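So the sequence lines, in the order shown, correspond to chains A and B. Counting from 1, one number per residue, gives the positions in the first sequence under UniProt numbering. Counting from 1, one number per residue, gives the positions in the second sequence under UniProt numbering.
Protein chains: 2
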Amino acid sequence: MVAPRPLGPDATIGILGGGQLGRMLALAAARLGFKCHVLCPDPQSCAFDVVRRVTEADYTDKEALDRFANDVDVVTYEFENVPAETATFLSARKPVLPDPKILATTQDRLTEKNFVTALGIATAPYAAVDDRASLDAALAALGRPAVLKTRRFGYDGKGQVTIRANDDPGVAWDEIGQQPAILEAFVPFEREVSVVVARGLDGTVQTFDLCENEHRDHILKVTRVPAAVPAEIAAAARDIAGRIADAFGYVGVMAVEMFWVADGGAGPGGRVLVNEIAPRVHNSGHWTQDGCTVSQFEQHIRAVAGWPLAVPVRHGRAEMINLIGAEVDEHKAWLAVPGASVHLYGKPIVRPGRKMGHVNRVFVD
Amino acid sequence: MVAPRPLGPDATIGILGGGQLGRMLALAAARLGFKCHVLCPDPQSCAFDVVRRVTEADYTDKEALDRFANDVDVVTYEFENVPAETATFLSARKPVLPDPKILATTQDRLTEKNFVTALGIATAPYAAVDDRASLDAALAALGRPAVLKTRRFGYDGKGQVTIRANDDPGVAWDEIGQQPAILEAFVPFEREVSVVVARGLDGTVQTFDLCENEHRDHILKVTRVPAAVPAEIAAAARDIAGRIADAFGYVGVMAVEMFWVADGGAGPGGRVLVNEIAPRVHNSGHWTQDGCTVSQFEQHIRAVAGWPLAVPVRHGRAEMINLIGAEVDEHKAWLAVPGASVHLYGKPIVRPGRKMGHVNRVFVD
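Okay, structure coming up:
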């Protein structure tokens with residue numbers, strides 16, 4: 001890979017992916033004086049509207065990738081499923097951050113869990129599933145209920161099915177398309193929490209405060225910060241996120257989703273289990289735009305630009321509420337709420353389950 | 001004028017002027033889901049980099065203005081010297097906010113001061129100067145030192161000269177080019193303060209907290225908020241700004257620069273004299289980007305979009321430091337300061353006196 005070095009303020013940052021995360025990265029980059037160039041196959045990419053240069057092309061279009069690489073000083077991405085060949089092609093031309101090698105780990109649930117386990121960090125019990133026989137063995141070992149998940153390309157609850165006491169494992173196996181999979185034991189957790197962590201080019205780590213997440217239909221609906229967990233749990237969670245970032249040699253912002261289990265398994269406060277790593281800015285970090293002295297987006301841009309990270313200081317108790325599908329109309333009511341900041345992504349078409357915007361609420365009294 | 005009405009989130013906002021104020025307006029508009037189209041004659045306009053559509057054309061290019069008007073839903077501007085013919089041409093096609101009729105008042109120092117005086121609001125003593133004879137009469141009436149200012153097109157100390165005890169008034173008259181002018185009595189003020197005020201399409205007024213300003217070489221260097229003035233002075237200043245906005249029927253954000261005079265002239269805390277009105281977002285309001293629950297830029301966009309204004313709540317004590325000319329390099333040191341947010345405008349060429357960026361510092365301890 002072309003070695004990264006600190007950018008001048010007149011540099012251009014290339015962003016793969018034109019959704020709301022790319023859009024918000026570009027807006028943060030603009031605050032710091034950077035130009036951005038977004039590459040995305042979707043002509044209606046909402047990130048296209050806030051940058052000067054765009055490339056509408058497939059991620060495997062070598063000619064377009066070559067022009068894109070020539071125009072930018074560093075490449076980053078808003079999504080974790082960047083094709084390996086794209087990353088390889090680009091990193092021969094310009095620095096790509098975070099290092100796409102990390103994607104090979106996080107794109108596969110089994111590899112990711114093995115990586116975390118090797119660091120001595122706890123996850124829910126899990127087992128590899130390659131066929132019907134190994135599914136039955138895994139169910140016998142882990143018990144029911146358990147969750148069967150495809151190893152690759154799962155997000156927002158896609159590619160996963162819960163196997164309960166009377167369910168036929170064969171149906172679940174068919175349902176996920178008989179793909180290489182992982183079975184995860186069901187964990188009776190108290191809270192879903194996440195840590196958004198940044199690691200700079202110089203190896204400095206800065207974590208945002210632990211937040212708790214509430215999902216609806218497998219899509220994040222509300223993030224609250226600080227998470228209502230014991231202080232030692234919050235500290236342990238932040239420490240885990242920093243250790244993972246260090247182990248990856250990560251440069252940029254990533255999120256580690258975890259479960260807080262209050263079963264006393266590792267002290268009076270319970271313990272934290274790593275559920276999933278997102279090697280990118282993350283929906284559970286959106287509150288930082290208005291609730292903190294630095295946003296996750298600026299922190300990511302600082303990192304990939306080789307600039308020093310900021311020390312994040314939270315302004316107060318905060319919440320992030322996603323506006324999903326037709327809920328986007330709720331922004332009108334939120335405009336009048338003191339301490340609420342409305343963010344809309346400018347997506348032209350409303351679809352069920354589509355993230356259209358969010359509200360950051362800082363409790364100001 | 002085409003009557004304004006509330007915009008849908010998919011609307012396009014037209015911005016006249018491509019400098020840092022236009023850039024930061026566009027970034028704030030993007031947060032709310034709006035698209036922006038910037039028109040500016042300068043091909044290196046820094047606002048061009050953060051919007052999808054740009055028009056590089058002179059403000060009097062009717063053909064370009066017509067295309068621009070056809071593409072946008074509302075027009076606003078980042079500078080107060082929009083030519084009257086441009087405003088007239090555009091407002092026949094689309095709503096232009098704030099109403100350009102206000103510019104006729106604020107583009108002329110004498111008309112502006114007469115307007116303020118007619119509202120029963122105090123200014124420094126002043127007199128019209130149309131020739132040498134009226135200059136001498138004004139000096140006799142107001143005493144020395146006094147400041148001679150051209151009535152039109154003055155900013156950042158340009159077009160003004162101080163006449164001290166032994167100065168020849170004829171030299172000052174020549175220096176400002178023998179243009180229609182105004183003589184202002186010198187006021188021994190304690191602080192220069194300003195109020196950034198927003199007024200919505202529905203007539204709602206929201207003022208940001210009073211800030212104090214420190215100039216260097218006639219250019220704003222530091223803004224501090226809250227201003228170190230008695231509470232009744234801060235309240236009076238905010239009230240004055242609101243009354244001026246109401247009197248204009250203003251829609252958008254404007255700034256009122258004032259002097260705090262502690263001479264006991266109107267109560268124990270002294271009094272406030274209006275110095276100047278800026279009918280646009282203002283450098284002394286930049287701190288709101290990081291020091292407040294809503295920025296002046298978003299407040300302006302909400303107003304011109306016909307959306308409700310936000311209730312601004314300050315996060316804490318804050319400062320804004322302008323990075324002027326070569327000072328832009330100081331951004332590197334600021335990146336490491338907790339609570340400091342660096343803003344760079346992406347201007348390609350550094351020039352003495354040119355505003356290159358600013359730092360917002362929120363005191364977080």
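Note that the Cβ used here is the ideal one computed from N, Cα and C, for glycine as well. Predicted, not measured: the structure shown is a model, and the values here were computed from it.
query, result
"Hey, could you find the ends of the beta strand (DSSP E) Q206/A is sitting in?", "205-207"
"Relative to the C-alpha of S351/A, which residue among A127/A, V359/A, A326/A, N283/A is closest?", "Note on identity: in this sequence residue 351/A is Arg, with Ser being the wrong assignment. Cα-wise, what sits closest to R351/A is A326/A."
"Helix, strand or coil: how does DSSP classify T60/B here?", "coil"
"Between V256/B and V205/B, is the Cβ-Cβ spacing less than 8 Å?", "no"
"On the DSSP bridge assignment, give the partners of residue 428/B in chain order.", "Residue 428/B is absent from the structure shown; chain B starts at 1 and stops at 365."
"Within 10 angstroms of the Cβ of L27/A, are there 16 or more other Cβ atoms? Answer buried if so, exposed if not.", "buried"
"Please classify R67/B: does DSSP put it in a helix, a strand, or coil?", "helix"
"Using the beta-carbon count (16 or more within 10 Å), is L139/A buried or exposed?", "buried"
"Restricting to Cα atoms, I'd like to know which of S295/B, E319/B, A262/B, W173/B is closest to P226/B.", "E319/B"
"Tell me the rounded alpha-carbon separation between K94/B and F153/B.", "26 Å"
"Please classify F363/A as buried or exposed, where buried requires at least 16 neighbouring CB atoms within 10 angstroms.", "exposed"
"Consult DSSP for M254/B and reduce its assignment to one of helix, strand or coil.", "strand"
"Under 8 Å between C-beta atoms, does H358/B make it to chain A?", "no"
"Could you tell me whether any Cβ in chain B is nearer than 8 Å to the Cβ of V50/A?", "yes"
"Can you pull the chain B residues whose beta carbon is under 8 Å from the beta carbon of P226/A, in chain order?", "The contacting residues do not exist; P226/A stays about 16 Å from chain B at best."
"Would you mind sorting G18/B into buried or exposed? The rule is 16 or more other CB atoms within 10 Å of its CB.", "buried"
"Could you check what DSSP says for K355/B in three-state terms: helix, strand or coil?", "strand"
"Taking contact to mean at least 3 C-beta pairs separated by less than 8 Å, is the segment 109-124 of chain B in contact with the segment 178-192 of chain B?", "yes"
"If you draw a straight line from the C-alpha of D71/B to the C-alpha of L16/B, how long is it?", "13 Å"
"Indicate whether at least one CB of chain E lies closer than 8 Å to the CB of L27/A.", "Protein chains A and B are contained in the structure displayed, whereas chain E is not."
"Relative to chain B, which residues along the segment 10-39 of chain A have a C-beta separation below 9 Å, given in chain order?", "D10, R23, M24, A26, L27, A30, R31, L32, G33, F34, K35, C36"
"Roughly how many whole angstroms lie between the Cα atoms of L273/A and V253/B?", "49 Å"
"Is the Cβ of W334/A closer than 8 Å to any Cβ of chain B?", "no"
"Hey, would you say P188/B sits closer than 8 Å to R164/B, going by beta carbons?", "no"
"Any Cβ of chain B within less than 8 Å of the Cβ of S341/A?", "yes"
"Give the DSSP-derived three-state secondary structure of S341/A in the structure shown.", "strand"
"Reducing DSSP to helix, strand and coil, say where N283/A ends up.", "helix"
"Name the chain B residues that come within less than 7 Å of W307/A, Cβ to Cβ?", "L335"
"Could you tell me which residues DSSP puts in a beta bridge with E319/B?", "R224/B, R361/B"
"With a threshold of 8 Å on Cβ separation, who are the neighbours of K62/B within its own chain once the five nearest residues in sequence on each side are excluded?", "F89"
"Would you tell me roughly how many angstroms separate the C-alpha atoms of N360/B and A340/B, rounded to the nearest one?", "6 Å"
"For L97/A, go through chain B and note every residue whose CB falls closer than 8 Å to its CB, in chain order.", "Those within 8 Å of L97/A in chain B number zero; the least Cβ separation is about 18 Å."
"Can you list, in chain order, the residues of its chain whose CB lies under 7 Å from that of residue 398/A, leaving out five sequence neighbours each side?", "No statement about residue 398/A is possible, as the shown extent of chain A runs from 1 to 365 and does not include it."
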